[in-house]
Each structure stands twice: as structure tokens, then as C-alpha cells.
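Novice:
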Amino acid sequence: MRPRKNRNLVLIGYMGCGKSTIGTKSARAFGFRFYDTDQLIEENEGCTIAELFTQKGEPYFRMCETELIKGLIRKPKGMVIATGGGLPMTEENRSLLKKLGTVVYIKCGIDTLVSRLTGDTKRPLLAEGELESKVRTMMKLREPVYESVADVVLETDGKSFYETICVLEKILKEKR
Ligand code: S3P
Numbered sequence: 203m204r205p206r207k208n209r210n211l212v213l214i215g216y217m218g219c220g221k222s223t224i225g226t227k228s229a230r231a232f233g234f235r236f237y238d239t240d241q242l243i244e245e246n247e248g249c250t251i252a253e254l255f256t257q258k259g260e261p262y263f264r265m266c267e268t269e270l271i272k273g274l275i276r277k278p279k280g281m282v283i284a285t286g287g288g289l290p291m292t293e294e295n296r297s298l299l300k301k302l303g304t305v306v307y308i309k310c311g312i313d314t315l316v317s318r319l320t321g322d323t324k325r326p327l328l329a330e331g332e333l334e335s336k337v338r339t340m341m342k343l344r345e346p347v348y349e350s351v352a353d354v355v356l357e358t359d360g361k362s363f364y365e366t367i368c369v370l371e372k373i374l375k376e377k378r
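Following this line, the structure appears as C-alpha cells:
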């Protein structure tokens, strides 16, 4: 039986952890609407995230993220929302995410992240420096924050998409 559409699932986690893919697949499985905050910002602003960082700067991008979450809170429930990796890093956004829905930290190991992010050209924060040390440094700062805001930590290393989606389905049916 599909979950009732009286809840939202909010996926958080570091770049490359799979929020968008897991979000798309789970929304399809549950009959929920899928939103990706980066994609919505790109549509609203008419440019890529990388262009937005260059043209208007990171603080402007962060303001877009906050406004977007405020807008999503006003929409009818039954959504899966994939968020940008930096979105939970402010207090204001964390309390907005809690209002938006059940927050799930999509957790995977550094090795998985690095292998997925190698060769990436879309993420301005990874454009310079050595990738692995950058990921390690940022994760040291971010992981405690992801864990503190999450209602559930979902480890995905070693799980198939099917298994991951089953866990999400269970969360939707049980966790409040
Ligand atoms: C960012 C993550 C990106 C995007 C932007 C900044 C971050 O989203 O929002 O490049 O600060 O971690 P993904 O997590 O979807 O890659």
C-alpha cells in the first residue's frame, strides 16, 4: 500500500550522496511530487548554480534556498524534497526544514562521495583544491549538523535503491 500523502520527506546530506536520485525514485514509488531545491533555483533564476555563484555570489544563492523552503512549506503535502548539501548549515534553514517534513540524512562514506564527485564540474564549492581533502574537511563540519537536524539517519552504502526506498516507505508510515 502506498503511503498517505499527509507528510513530506526532506532529504539532506553532502553533495554526491544521492539525494536527487533517491528522491526521484522514491517519489515515483510513493506517488509523491518530487522537488529538488537546486533545480528549482536554477529554473527561477534562469541560470545554473555555478553561474549564480559567479554572477551573484554564494550569499545570494543561500538566500534563494531559504526563500524556496519557505515557499515549499506552504504547498500541499505529499512531496519528497532533495535539498542542496549546504542548506541545513544555518539555524533558520534547520528550523524551516523541520517545519517542512520528516528530515532524513542520506549518509554515505567519504570514499563513495569522492568517487561520485570525481570529475564533477557543476559544483562551485568543489571547483578548487584537492577533492578528497576538501570533502573530508567539509564533512567534519557538516556531518554533526546533518545528524543533529535529522529525524532519521539513513546509511546507503551497501544498500540497493530498492532497499533504500523500502526504508523511506517505512519512515513515512511510522515516524512522526
Ligand atoms: C552545495 C551543494 C549543491 C548546491 C551548491 C552548494 C553545498 O547541491 O546546492 O553547489 O554547499 O553543499 P547538491 O548537494 O545537490 O550537490
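Position 53 (the sequence shown) corresponds to 255 in the working numbering; numbering is contiguous. Note that beta-carbon positions come from the ideal geometry of N, C-alpha and C, so glycine has one too.
Give me, in chain order, the residues of the same chain whose beta-carbon lies closer than 8 Å to that of Ala229; leave out the 5 immediate sequence neighbours on both sides.
Specialist: Residues of the same chain with a CB within less than 8 Å of the CB of Ala229, apart from the 5 flanking positions on each side, are Arg235, Phe236, Met281 and Val282 in chain order.
Novice: Kindly indicate which three-state DSSP category Thr292 falls into: helix, strand or coil?
Specialist: If DSSP states are grouped into helix, strand and coil, Thr292 belongs with coil.
Novice: Do Phe232 and Pro261 count as a contact pair if the criterion is CB distance below 7 Å?
Specialist: No. Outside cutoff.
Novice: Find the nearest neighbour of Thr223 within the set Gly286, Arg276, Leu302 and Glu247, judged by alpha-carbon distance.
Specialist: Gly286
Novice: Tell me which same chain residues have a C-beta within less than 7 Å of the C-beta of Ala252, skipping the five on either side of it?
Specialist: Lys324 and Pro326
Novice: Using DSSP bridges, identify the partner residues of Phe236.
Specialist: DSSP, once it has assigned bridges, lists Val282 as partnering Phe236.
Novice: What residue does the beta strand (DSSP E) around Thr304 start on, and which one ends it?
Specialist: Thr304 to Lys309
Novice: Have a look at Thr239, Leu370 and Asn208 and flag the residue whose alpha-carbon is nearest the alpha-carbon of Ile308.
Specialist: It is Leu370 whose Cα lies nearest to the Cα of Ile308.
Novice: For Pro290, which residues from the same chain have a beta carbon less than 7 Å from its beta carbon, with the 5 sequence-adjacent residues on both sides left out?
Specialist: So the list reads Ile214, Arg296, Leu299, Val347, Tyr348 and Val351, once near-sequence residues are dropped.
Novice: Quick check on this structure: which residue in Gly303, Cys266 and Ile275 has the alpha carbon closest to the alpha carbon of Glu435?
Specialist: There is no way to answer for residue 435, as the model of the chain reaches only from 203 to 378.
Novice: Can you confirm whether Ile275, when its beta carbon is compared against all beta carbons of chain D, has any partner nearer than 7 Å?
Specialist: Among the protein chains of the structure shown there is no chain D, as only one such chain exists.
Novice: Quick check: Asp240 and Cys310, are their CB atoms within less than 7 Å of each other?
Specialist: Between Asp240 and Cys310, the C-beta gap is not smaller than 7 Å, which leaves the two residues out of contact.
Novice: Curious, which full-length alpha helix (DSSP H) runs of at least 4 residues does the segment 313–359 contain?
Specialist: 333–351
Novice: Regarding Arg325 and the ligand MG, is the C-beta to nearest heavy atom distance less than 6 Å?
Specialist: The ligand MG is absent from the structure shown, which contains only the ligand S3P.
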